[in-house]
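What follows is a short report on a single structure.
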Amino acid sequence: QVQLVDIGGGLVQPGGSLRLSCAASGISIDFYVMGWYRQAPGKQRELVANINRFRSTNYVNSVKGRFTISRDNAKNSVYLQMNSLKPADTAVYYCNARQTYGGNTYWGQGSQVTVSS
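Pasting the structure below:
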């Protein structure tokens, strides 16, 4: 059974930082592109950042320079360091694993991030 458990969300003031973690079980993330998506109320889910097995990364423009995605294949985990948070970053953040070769995709349960004073 494949499971992605994402943790680390919470309430933070503007300008603050949070670190999201996602631990995978039932798969080896070596063979997956790992990513973080977010969905704000009334909006579509959007890709925030992803990282492939070669540690090549992509970021949505709105988080470039503030967020950093990383992966630790030995721990079967992916992380999202979020700095200089803004109220516009408020959303539920979802960990995602997309198989590099093949069609399997898995999601975490979501972690609420709220940026507010």
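Position 49, counted from 1, in the sequence shown is what this note's numbering calls 48; the numbers after and before it change by one each time, with no gaps.
Virtual Cβ for every residue (Gly too), placed ideally from N, Cα, C.
Output the distance between the C-alpha atoms of A22 and T99, rounded to the nearest integer angstrom.
18 Å
Apply the 10 Å Cβ neighbour rule to F66 and answer buried if 16 or more other Cβ atoms are within range, or exposed otherwise.
buried
Just checking my contact of V59 with D88 at CB under 8 Å: how many whole Å lie between their CB atoms?
Actually they do not touch by this definition, with Cβ atoms about 11 Å apart.
Would you say L79 and V32 are within 9 Å of each other, going by their C-beta atoms?
no
Which whole runs of the beta strand (DSSP E) in the region 59 to 84 are 3 residues long or more, in chain order?
66 to 71, 76 to 81
Using only the alpha-carbon positions, how far apart do N95 and P86 sit?
23 Å
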